[in-house]
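S.K.:
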Amino acid sequence: MIKGDMLKTRMKRVADRGDHAVQRLAEIEASIADLSNEDLLDLADIFKAEPRSTIGDMAFVEMARRNISL
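Numbering (this note's numbering), first residue to last: 858 to 927.
(1) What do you reckon, is the C-beta of S888 under 7 Å from a heavy atom of the ligand MG?
(2) Buried or exposed: where does L900 fall if 16 or more other Cβ atoms within 10 Å of its Cβ makes it buried?
(3) Given 8 Å as the limit, is there contact between the segment 885–901 and the segment 912–926, that is, 3 or more CB pairs closer than that?
(4) Enumerate in chain order the residues of its own chain whose CB-to-CB distance from E919 is below 8 Å, with the five nearest sequence positions on each side excluded.
(5) Let's see if you can read the secondary structure: which residues bound the alpha helix (DSSP H) around D891?
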């Protein structure tokens with residue numbers, strides 16, 4: 858029974874870690890959406906290198922939504 862309890866504990870820990878990662882990603886996306894246009898352009902400029910990073914992609918998606926560009 859101890860082995861089964863350990864497995865349940867591990868599975869819960871892995872699920873909690875995934876939930877936390879999803880929450881943090883949502884917070885990052887919300888932070889980017891809350892930036893002023895100038896700050897968003899600065900962020901996009903920092904992360905514009907190709908291949909573009911995930912943060913760069915998020916910034917450029919938000920810029921497209923606002924119809925602004927570098």
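We put the beta carbon where it would ideally sit given N, CA and C, even for glycine.
M.R.: Taking the geometry as given:
(1) This structure simply doesn't include the ligand MG, nor any ligand for that matter.
(2) The sequence position of residue 900 within the sequence shown is 43, counting from 1. It is buried - the Cβ of L900 has at least 16 other Cβ atoms within 10 Å.
(3) These segments touch.
(4) As a working mapping, residue 919 is identified with position 62 in the sequence shown. The residues are I889, A890, L892, L897.
(5) Here residue 891 is taken as the residue at index 34 of the sequence shown, counted from 1. Where D891 is concerned, there is no enclosing alpha helix (DSSP H), given that its DSSP letter is neither H nor E.
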